[in-house]
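A.B. asks:
Chains as they are written, first to last, in this note's numbering: chain A, 1 to 255; chain X, 1 to 255.
1) Any beta carbon from chain A within less than 8 Å of residue 137 (chain X)'s own beta carbon?
2) Residue range of the beta strand (DSSP E) that residue 38 (chain A) falls in?
3) List the whole-angstrom C-beta distance separating residue 19 (chain X) from residue 136 (chain X), where the pair is believed to meet the contact cut-off of C-beta under 8 Å.
4) In or out: residue 224 (chain A) buried (at least 16 other Cβ within 10 Å) or exposed?
5) Check the DSSP bridge columns for residue 100 (chain A) and list the partner residues they point to.
6) Closest to residue 202 (chain X) by C-alpha separation, out of A:245, A:4, A:248 and A:56, would be which residue?
7) Report yes if the C-beta distance between residue 227 (chain A) and residue 92 (chain A) is below 8 Å; otherwise report no.
8) Which residues in chain A sit within 8 Å of residue 123 (chain X), going by Cβ to Cβ distance?
9) What residues in the region 25-51 of chain X have a beta carbon less than 8 Å from any beta carbon of chain A?
10) For residue 53 (chain X) and chain A, any beta-carbon pair shorter than 8 Å?
11) Residue 182 (chain A) versus chain X: which residues are under 7 Å apart at the beta carbon?
12) Is there contact between the region 34-52 of chain A and the region 107-119 of chain A, where contact requires at least three CB pairs shorter than 8 Å?
13) Can you tell which of X:190, X:27, X:241 and X:255 has its C-alpha closest to the C-alpha of residue 84 (chain A)?
14) Taking the alpha helix (DSSP H) that residue 122 (chain X) belongs to, which residues open and close that run?
15) Out of curiosity, what's the CA-to-CA distance linking residue 5 (chain X) and residue 157 (chain X)?
16) Taking only three categories from DSSP, how would you classify residue 177 (chain X)?
17) On the premise that residue 122 (chain X) lies in contact with residue 170 (chain X), defined as a C-beta separation below 8 Å, what is that separation, rounded to the nearest angstrom?
18) Closer than 6 Å by C-beta to residue 69 (chain X): which residues in its own chain qualify, once you throw out the five before and the five after it? Chain order, please.
19) On a Cα-Cα basis, can you pick out the residue from X:118, X:218 and X:26 that is closest to residue 130 (chain X)?
20) How big is the Cα-Cα spacing for residue 210 (chain A) and residue 52 (chain X)?
21) Cβ of residue 206 (chain A) within 8 Å of Cβ of residue 82 (chain X)?
22) Kindly list the residues whose CB is nearer than 8 Å to the CB of residue 144 (chain A), restricted to its own chain and excluding five residues on each side of it in sequence; keep chain order.
23) For residue 231 (chain A), I'd like the list of residues in its chain whose CB is within less than 8 Å of its CB, leaving aside the five on either flank, ordered along the chain.
24) Within 10 angstroms of its Cβ, does residue 255 (chain X) collect 16 or more other Cβ (buried), or is it exposed?
25) Just how far apart, CA to CA, sit residue 14 (chain X) and residue 243 (chain A)?
26) Can you tell me which of the three DSSP states residue 278 (chain X) falls into?
27) Note the first and the last residue of the continuous beta strand (DSSP E) segment covering residue 64 (chain A).
28) Mind listing which residues of the region 89-101 of chain A have their C-beta closer than 7 Å to chain X's C-betas, in chain order?
29) Are residue 220 (chain X) and residue 214 (chain X) close, meaning C-beta to C-beta below 8 Å?
30) Residue 159 (chain A) touches chain X at which residues, Cβ-Cβ below 8 Å?
31) Taking 8 Å as the CB-CB limit, is residue 235 (chain A) close to chain X?
32) Taking just the CA atoms, how far does residue 237 (chain X) sit from residue 185 (chain X)?
33) Between residue 76 (chain X) and chain A, is any beta-carbon pair separated by less than 8 Å?
34) Residues bridged to residue 242 (chain X) by DSSP?
35) Check the Cβ-Cβ distances between residue 162 (chain X) and every residue of chain A, and say whether any is below 8 Å.
36) At the 8 Å Cβ level, is residue 118 (chain A) part of the contact set with chain X, yes or no?
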């Protein structure tokens, strides 16, 4: 029996029209058959959110040999679930998310819809990787990323990933990029997180804002620091978030 | 100088009117001063989502000695950020979320807005705990949970938690509850995840649905199994999700 070409399921959180997604399709086309299920508009910062209070609708928007593109009214995690349950006739070989317009390193992994796609793929037992560029502009240049993304996805398809582990890949705004570092999630926090935007008679309106403080900046295994130094970063992420080392300490409360 | 009473910041994802939140206020009132910042309506399944595409508005809705209640237009994570940056005059001693109407054990930690509150508290360096009851009805009975919740929050305030670790506490529908087990995140997945809800001329509408399959059910350290056996579960959760043990394997791709 003929071996099927690899099946790549793509999604993102910037929506089906985003440049980053369309560049990603173009980069990965030689690696297999591509099915895209992406939100019909921007869903930035929606993390692993799912749509529970209304139905989700999807629609095929274009199809040519090797690439089918669907959009839906859901969030990034919904896209993965919906594609696997309603559209695909076999399990994808890899789930790929992005290319996000904006940084998802460090603790941003928790807020990221790009990484929502990846975590959902991983929870479904499929090797999964998300790509983000530290430039949120809609016309950001993704050219320096091409060979990196192709090589990483090729490796993921051919070598797989450890069980319950997925990849969070981030790129600096640099040309050329200095190379790749496999990193750990930077420690840090967001400060001064709101900008006031008062409305007549009411000063209780705010925009989420702020800047990220890297509290471990001297550690070059830290993804945020490596990005600052001009490197692409791969941070392996686990979906079993149990703090095993804390179990005994909490158990002692009840003895 | 007089020692201040502990400050407890409360939120949830079922909204400020939910019974679970109001029972939580009642249980925790003896432990300190309570400030609630909760969404103005349901936000189930919104994970660590943040509101980036519109401003957030908040409003004080009631105030009496020891308990101030605010609502806002944001998501659970926004509630924590907004309270800390715009409302509170000191850092809370503990962030408490819930009581959620519905199960947040196992992989549901990734989708849960209840745990979004907790993860945000933990990322801010504050001890944080989320409570959920495996009953999604709006009039669920929370009575058997009272002494457990009081004791757990008292322990968290007095003893603290390890750095970068927070707690995901779930309760079975049982009276009496058999006791507490400190657990690990159950392994499993959701299957048959969509129910069709066709609209005239269009069958591409679906409700997110499905049932959870516990793939490690014989392991009684697994939170879902312990709940099935009638125990309350405490699953310690880490916010550094780096898969440290995978770094070397991924690095080998590039040598």
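Ideal placement from N, C-alpha and C gives every residue a C-beta, glycine not left out.
C.D. replies: So, to answer that:
1) no
2) 33-39
3) With 8 Å as the limit, residue 19 (chain X) and residue 136 (chain X) do not qualify as a contact, their Cβ atoms being about 12 Å apart.
4) buried
5) A:132
6) A:56
7) no
8) 107, 110 and 189
9) 42, 44, 45, 46, 47, 48, 49, 50 and 51
10) yes
11) 247, 250 and 251
12) yes
13) X:190
14) 113-123
15) 11 Å
16) coil
17) Not confirmed; about 17 Å, so no contact.
18) 36, 61 and 62
19) X:118
20) 12 Å
21) yes
22) 171, 174, 175, 176 and 177
23) 172, 177, 178, 179, 180 and 181
24) exposed
25) 26 Å
26) In the structure as shown, chain X begins at 1 and stops at 255. Residue 278 (chain X) is therefore absent and cannot be evaluated.
27) 56-64
28) none
29) no
30) 253
31) yes
32) 9 Å
33) no
34) A:237
35) yes
36) no
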